[in-house]
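Below: the structure, in structure tokens.
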Amino acid sequence: MLWVALELPALPLQIAERAGASSDALVISEGTAQRPIVSCANAEAKAAGVREGQAVAAAKALAGELRVIARDPAAERETLEGLAAWAGQFTPMVAVEAQGIVLEIESSLRLFNGHAQLTAAILRGIRNLGFHAAIGVAPTALAARIIARAEAQGLQVRSCLTVEELRSRLAELPLFLFDWPEATLARLTDLGVLRVKDILELPAEGIARRFGPEIVLALDRLVGLQCDPRVPYVPPPRFRSRIELPAEADGVEALLFPLRRLLVQFEGYARGRGAGAQRLSLTLEHGRKSRTHLGIDFASPEREADFIISIAREKLGRLKLASPTIALALRVDALLAYTPRTAAWLPGAQEQAIGRERLLERLAARLGRERVFGIAVASDHRPESNWGRIHDSGFGAPPQTPASATPGPRPIWLLNRPQHLISDSGTPRLQGHLDLAAGPERIEAGWWDGKEVSRDYYIALNPHGERYWIYREHRDPDGWYLHGVFA
Amino acid sequence: MKSAVKERVAALARLPGVWRGGELENAVHPAVATGHAALDRELPGGGWPTGTLSEVLHDGVGIGEVAFLANALARASEGDRLVAWINAPHLPYAPALAQAGIALERCLVVRPANREDALWAAEQAMRSGACGAVLLWFGLRQAQARAERNDYASMRRLQMAAEAGRAMAVCFRSTQAEALSTPAHLRIVAFREDGVLKIRIPKRRGPPLVTPVPISALGYRARKVETARVPLHAVPSPRSFAFTVS
Chain W
17 MLWVALELPA LPLQIAERAG ASSDALVISE GTAQRPIVSC ANAEAKAAGV REGQAVAAAK
77 ALAGELRVIA RDPAAERETL EGLAAWAGQF TPMVAVEAQG IVLEIESSLR LFNGHAQLTA
137 AILRGIRNLG FHAAIGVAPT ALAARIIARA EAQGLQVRSC LTVEELRSRL AELPLFLFDW
197 PEATLARLTD LGVLRVKDIL ELPAEGIARR FGPEIVLALD RLVGLQCDPR VPYVPPPRFR
257 SRIELPAEAD GVEALLFPLR RLLVQFEGYA RGRGAGAQRL SLTLEHGRKS RTHLGIDFAS
317 PEREADFIIS IAREKLGRLK LASPTIALAL RVDALLAYTP RTAAWLPGAQ EQAIGRERLL
377 ERLAARLGRE RVFGIAVASD HRPESNWGRI HDSGFGAPPQ TPASATPGPR PIWLLNRPQH
437 LISDSGTPRL QGHLDLAAGP ERIEAGWWDG KEVSRDYYIA LNPHGERYWI YREHRDPDGW
497 YLHGVFA
Chain A
5 MKSAVKERVA ALARLPGVWR GGELENAVHP AVATGHAALD RELPGGGWPT GTLSEVLHDG
65 VGIGEVAFLA NALARASEGD RLVAWINAPH LPYAPALAQA GIALERCLVV RPANREDALW
125 AAEQAMRSGA CGAVLLWFGL RQAQARAERN DYASMRRLQM AAEAGRAMAV CFRSTQAEAL
185 STPAHLRIVA FREDGVLKIR IPKRRGPPLV TPVPISALGY RARKVETARV PLHAVPSPRS
245 FAFTVS
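For the protein sequence lines, the chains are W and A, in the order given.
Each residue of the first sequence is one higher than the one before, starting from 17 at the first, in the working numbering.
Each residue of the second sequence is one higher than the one before, starting from 5 at the first, in the working numbering.
Spelled out as structure tokens, the structure:
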């Protein structure tokens with residue numbers, strides 16, 4: 017087994033600053049409401065002299081403008097679970113820990129070309145999500161966590177891949193990295209037992225008697241003498257994620273960066289489940305009550321963050337936002353099977369089809385679905401009903417019925433509705449006197465559905481050489497109409 | 005010495021984008037035959053260029069300004085690529101396109117609400133590589149005349165997009181645009197004279213073509229039809245026929 021532990025130091029602060037670092041001093045408070053203390057502080061606050069463990073009142077005195085956010089353990093847990101769901105793309109065995117997550121990666125090594133590549137990919141992904149994490153790699157989960165914690169504290173530890181070298185790698189690490197009770201750690205310090213190598217030399221019975229059997233169990237698990245089973249995290253069937261903006265965002269451009277983080281998280285989550293989504297719901301929160309909902313729909317399941325953001329950008333660009341946005345939430349209710357796109361040697365038919373699909377999505381996202389369509393021939397004799405629009409998924413399919421040859425020449429442009437032409441002494445005019453060049457072609461149909469037409473169609477030429485498709489109502493010899501243009 | 009220089013110049017003229025003043029460029033991208041031999045002879049590469057923007061200037065809708073490209077469009081859509089009709093002045097009429105041999109299932113009609121959207125859609129379509137041909141209109145006649153101001157920048161964007169997507173990109177503008185400079189590699193003027201569609205080429209990669217080329221296949225000469233004397237019941241109507249049977 018090979019474990020990767022990700023430790024997120026100052027997690028509440030990371031959550032608060034995920035959508036972008038704020039330029040003001042910021043602290044996270046915890047403890048009783050009467051005397052809150054600083055749990056973690058950002059760089060600006062630290063520069064002003066704020067230290068962890070200080071009273072918030074003292075911190076406020078030190079830094080003039082101080083933003084204080086109360087610690088929210090539920091949000092932290094939720095964030096870690098979100099991270100675990102995202103990490104499901106690397107391995108099915110992901111467990112949520114107190115300050116981070118652990119992943120079992122041995123079975124995924126071949127897929128990701130070794131642990132170096134895999135850990136690099138994980139760290140890159142974490143950065144794209146807007147977090148930073150210390151990473152530890154070790155053959156036991158506990159050792160990996162200790163190594164990650166040591167790294168978060170700034171200690172130099174090399175990751176280790178085999179159980180044999182585990183003891184020597186861990187030997188110099190201080191014992192305060194373990195989450196043992198304060199009292200135990202204090203007594204160990206009093207005894208002069210400060211490092212891992214010190215405690216590993218002591219007899220197990222003695223430790224068990226003085227400090228409790230759980231310490232012995234932890235040490236056995238650390239070096240791999242006892243198994244350390246963990247329950248893999250099972251992500252919920254629906255995706256939910258929310259991100260708060262560091263400051264009120266007025267425009268839409270400012271939303272793209274945090275949105276990207278949400279979409280990267282969704283991509284990891286969907287990848288882990290081999291799924292994609294056809295509909296994503298995005299909510300822009302403006303205040304307590306006011307929010308804007310935006311649905312992003314696709315013709316086929318999608319999950320790639322880069323592509324979704326390009327569509328979302330167009331959709332967001334159309335929005336008129338009345339008030340500034342303070343938070344973004346992404347929700348996906350239905351996951352569908354996703355077929356990954358295969359790469360080919362040369363751009364072939366498949367790439368073309370993808371390019372086409374993506375183009376249609378993009379056009380429809382900005383212009384609206386009704387403004388982008390395909391056309392087809394329908395079997396009818398009436399010019400206005402012998403063609404049809406094809407929207408969305410029907411587009412690009414080969415025609416069901418082979419187009420029957422239309423008897424006469426047909427114009428390239430058809431008017432939306434026929435335009436009445438003025439006529440003088442029985443001949444129609446359109447920018448000059450119209451000469452009838454060909455015709456008549458009688459079209460008489462539609463008595464069965466109430467939209468009956470009975471017309472004589474002609475091809476007409478005006479003095480400028482423009483050719484039109486005009487008709488005369490059968491029942492009204494002076495009723496000349498323009499119906500098409502031979503462009 | 006002299007022959008060495010000549011050889012070098014000849015080698016230079018073979019480079020893409022380099023041509024002698026009096027000759028046509030050897031087109032880098034494959035050109036699509038328009039089906040009109042006289043026109044193809046005058047176009048660099050022997051056909052309508054792909055992978056670059058071209059302009060068709062015309063006044064008046066209905067002189068056959070689209071129809072003369074029908075062959076080229078049918079060929080550009082080969083290999084399952086789309087033909088995008090962006091902001092066309094009217095609806096492209098499916099039966100007519102089918103008659104012209106353009107595969108309907110590959111026709112994409114885009115009707116943007118305004119000029120910005122039209123330019124954006126055209127750029128997306130050209131850049132995507134999914135389109136074999138992209139046809140763009142800027143608007144109806146009156147609006148077009150107003151808008152034919154200098155928009156070199158947006159045309160330049162389209163030109164770049166066309167190069168990226170290797171599409172046959174055609175922009176239809178009014179002849180007022182002839183006074184404006186263009187980044188397009190080809191600009192032709194279509195007009196009708198004596199009932200025949202003729203084409204002049206003010207800009208191409210080669211010397212400008214002053215003598216217009218007639219496009220004969222589309223020469224619908226006016227044939228007088230005596231409308232007033234066509235009796236309205238001369239053509240049997242299907243309905244009355246149905247009545248006699250029953």
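The beta-carbon is built from N, C-alpha and C at its ideal position, and this holds for glycine as well.
Subject >> Buried or exposed by the 16-neighbour rule on C-beta atoms within 10 Å, applied to residue 464 (chain W) >> reply: For the purposes of this step, residue 464 (chain W) is taken as residue 448 along the first sequence, with counting starting at 1. Per the 10 Å Cβ criterion, exposed.
Original post:
How long is the line joining the alpha carbons of residue 292 (chain W) and residue 385 (chain W), rounded to whole angstroms?
Top reply: Taking the first sequence and counting its residues from 1, the one referred to as residue 292 (chain W) is at position 276. Taking the first sequence and counting its residues from 1, the one referred to as residue 385 (chain W) is at position 369. Approximately 21 angstroms between the Cα atoms of the pair.
Original post:
Shorter than 9 angstroms from the beta carbon of residue 180 (chain A) to some beta carbon of chain W?
Top reply: Along the second sequence, one-based indexing puts residue 180 (chain A) at 176. Judged by the 9 angstroms Cβ criterion, residue 180 (chain A) is not in contact with chain W.
Original post:
Under the rule that 16 or more other beta-carbon atoms within 10 Å means buried, what is residue 487 (chain W), buried or exposed?
Top reply: Your numbering for residue 487 (chain W) matches position 471 in the first sequence. With 16 or more Cβ atoms within 10 Å of its Cβ, residue 487 (chain W) is classed as buried.
Original post:
How is residue 474 (chain W) classed by DSSP in three states: helix, strand or coil?
Top reply: Position 458 of the first sequence, counting from 1, holds the residue named residue 474 (chain W). Note: residue 474 (chain W) maps to strand in three-state DSSP.
Original post:
Which residue from A:166, A:44 and A:28 puts its Cα closest to that of residue 219 (chain A)?
Top reply: On the second sequence, position 215 is the one that residue 219 (chain A) refers to. Nearest C-alpha to residue 219 (chain A): A:44.
Subject >> residue 62 (chain W) versus residue 29 (chain W): straight-line alpha-carbon distance, rounded >> reply: To locate residue 62 (chain W), count along the first sequence from 1; it is residue 46. To locate residue 29 (chain W), count along the first sequence from 1; it is residue 13. In a straight line, the C-alpha of residue 62 (chain W) is about 13 angstroms away from that of residue 29 (chain W).
Subject >> Closer than 9 angstroms to chain A by CB, residue 469 (chain W) >> reply: Translated into positions along the first sequence, residue 469 (chain W) becomes position 453. No, no contact with chain A.
**OP:** Name the residue from W:289, W:252 and W:378 whose alpha carbon lies nearest to the alpha carbon of residue 314 (chain W).
**Re:** The residue labelled residue 314 (chain W) in the question sits at position 298 within the first sequence. Among W:289, W:252 and W:378, the Cα nearest to that of residue 314 (chain W) is on W:378.
**OP:** Pull out every residue of the region 114–133 of chain A whose Cβ sits closer than 8 angstroms to any Cβ of chain W, in chain order.
**Re:** 114, 115, 116, 117, 121, 124, 125, 128, 129, 132 and 133
Original post:
Is residue 456 (chain W) helix, strand or coil when you go by DSSP?
Top reply: Position 440 of the first sequence, counted from the start, is the residue given in the question as residue 456 (chain W). Three-state result, residue 456 (chain W): strand.
**OP:** Starting from residue 285 (chain W), trace the alpha helix (DSSP H) both ways and give me its first and last residue.
**Re:** For the purposes of this step, residue 285 (chain W) is taken as the residue at position 269 of the first sequence. Per DSSP, residue 285 (chain W) belongs to the alpha helix (DSSP H) from 269–288.
Subject >> Buried or exposed by the 16-neighbour rule on C-beta atoms within 10 Å, applied to residue 58 (chain A) >> reply: Taking the second sequence and counting its residues from 1, the one referred to as residue 58 (chain A) is at position 54. It is buried - the Cβ of residue 58 (chain A) has at least 16 other Cβ atoms within 10 Å.
Original post:
For residue 115 (chain A), which of A:108, A:166, A:109 and A:124 has the nearest alpha-carbon?
Top reply: Residue 115 (chain A) sits at position 111 when you count from the first residue of the second sequence. For the residues A:108, A:166, A:109 and A:124, the minimum Cα distance to residue 115 (chain A) belongs to A:124.
Subject >> residue 248 (chain W), DSSP secondary structure in three states >> reply: Against the first sequence, residue 248 (chain W) aligns to sequence position 232. In this structure, residue 248 (chain W) counts as coil in the three-state DSSP scheme.
Subject >> Distance cut-off 8 angstroms: residue 51 (chain A) Cβ against heavy atoms of the ligand SAM >> reply: This structure lacks the ligand SAM, and indeed carries no ligand of any kind.
Subject >> Assigned secondary structure, residue 120 (chain W) (DSSP; H/G/I helix, E/B strand, else coil) >> reply: Taking the first residue of the first sequence as position 1, residue 120 (chain W) is located at position 104. Strand, per DSSP.
Original post:
What is the DSSP secondary structure of residue 144 (chain W), counted as helix, strand or coil?
Top reply: Taking the first residue of the first sequence as position 1, residue 144 (chain W) is located at position 128. Reduced to three states, the DSSP call for residue 144 (chain W) is helix.
Subject >> Runs of beta strand (DSSP E) wholly within the region 58–142 of chain A (minimum 3 residues, chain order) >> reply: 86–90, 111–114 and 135–141
**OP:** Using 10 angstroms around the beta-carbon of residue 432 (chain W), count the other beta-carbons present and answer buried if the total reaches 16, otherwise exposed.
**Re:** Translated into the one-based positions of the first sequence, residue 432 (chain W) becomes position 416. Exposed is the call here.
Subject >> DSSP three-state assignment for residue 428 (chain W), whether helix, strand or coil >> reply: For the purposes of this step, residue 428 (chain W) is taken as residue 412 along the first sequence, with counting starting at 1. In this structure, residue 428 (chain W) counts as coil in the three-state DSSP scheme.
Subject >> Closer than 9 angstroms to chain W by CB, residue 156 (chain A) >> reply: Translated into the one-based positions of the second sequence, residue 156 (chain A) becomes position 152. No, residue 156 (chain A) lies away from the interface with chain W (no Cβ there is under 9 angstroms from its Cβ).
Subject >> Span of the beta strand (DSSP E), counted from its first residue to its last, around residue 164 (chain A) >> reply: As a first step, residue 164 (chain A) is located in the second sequence; it is residue number 160 there, counting from the start. Run containing residue 164 (chain A): none in the beta strand (DSSP E); it sits in the alpha helix (DSSP H), 156–169.
**OP:** Using a threshold of 9 angstroms, state whether the C-beta atoms of residue 85 (chain A) and residue 110 (chain A) are closer than that.
**Re:** One-based indexing of the second sequence puts residue 85 (chain A) at position 81. One-based indexing of the second sequence puts residue 110 (chain A) at position 106. Yes, these two residues count as a Cβ contact at 9 angstroms.
**OP:** Would you mind giving the Cβ-Cβ distance between residue 146 (chain W) and residue 277 (chain W), rounded to the nearest angstrom? I have them listed as a contact below 8 angstroms.
**Re:** Your numbering for residue 146 (chain W) matches position 130 in the first sequence. Your numbering for residue 277 (chain W) matches position 261 in the first sequence. Right, the Cβ-Cβ distance comes to about 4 angstroms (below 8 angstroms), so this counts as a contact.
Original post:
Who are the Cβ neighbours of residue 135 (chain A) in its own chain at under 8 angstroms, not counting the five residues just before and after it?
Top reply: Here the question's residue 135 (chain A) lines up with position 131 in the second sequence. The residues are 85, 86, 87, 88, 112, 129, 169 and 171.
**OP:** Run the CB neighbour count on residue 19 (chain A), radius 10 Å, all protein chains shown included, and call it buried at 16 or more, exposed below.
**Re:** Here residue 19 (chain A) refers to the residue found at position 15 when the second sequence is read from its first residue. Exposed, because fewer than 16 other Cβ atoms sit within 10 Å of the Cβ of residue 19 (chain A).
Original post:
Do we get a CB-CB distance below 9 angstroms when we pair residue 219 (chain A) with the residues of chain W?
Top reply: As a working mapping, residue 219 (chain A) is identified with position 215 in the second sequence. By this cut-off, residue 219 (chain A) is not an interface position.
**OP:** Give the interface partners of residue 482 (chain W) over in chain A, defined as CB-CB distance under 8 angstroms, in chain order.
**Re:** Here residue 482 (chain W) is taken as the residue at index 466 of the first sequence, counted from 1. Result: 64, 65, 66, 67 and 196.
Subject >> Counted within 10 angstroms of its Cβ, other Cβ atoms place residue 188 (chain A) as buried (16 or more) or exposed >> reply: As a first step, residue 188 (chain A) must be located in the second sequence, where it is residue number 184. Buried, because 16 or more other Cβ atoms sit within 10 Å of the Cβ of residue 188 (chain A).
Subject >> Distance, residue 307 (chain W) Cα to residue 343 (chain W) Cα >> reply: If you number the first sequence from 1, residue 343 (chain W) lands on position 327. If you number the first sequence from 1, residue 307 (chain W) lands on position 291. The straight-line gap from Cα to Cα measures roughly 9 angstroms.
Original post:
For residue 131 (chain W), which three-state DSSP category applies?
Top reply: The count along the first sequence starts at 1 and reaches residue 131 (chain W) at position 115. Here residue 131 (chain W) sits in helix by DSSP.
**OP:** Given a cut-off of 9 angstroms, decide if residue 461 (chain W) and residue 477 (chain W) are closer than it, judged by their beta-carbon atoms.
**Re:** Your numbering for residue 477 (chain W) matches position 461 in the first sequence. Your numbering for residue 461 (chain W) matches position 445 in the first sequence. No, the pair does not count as a contact, with Cβ atoms beyond the cut-off.
Original post:
Of all the residues that make up the region 84–95 of chain A, which are near chain W by a beta-carbon distance shorter than 8 angstroms?
Top reply: 84, 85, 86, 92, 93, 94 and 95
Original post:
Counting only beta-carbon atoms, is residue 55 (chain A) nearer than 9 angstroms to chain W?
Top reply: The residue labelled residue 55 (chain A) in the question sits at position 51 within the second sequence. No, its Cβ sits nowhere closer than 9 angstroms to a Cβ of chain W.
Original post:
How many Å lie between residue 202 (chain W) and residue 166 (chain W) at the Cα?
Top reply: The residue labelled residue 202 (chain W) in the question sits at position 186 within the first sequence. The residue labelled residue 166 (chain W) in the question sits at position 150 within the first sequence. Cα-Cα distance, rounded: 19 angstroms.
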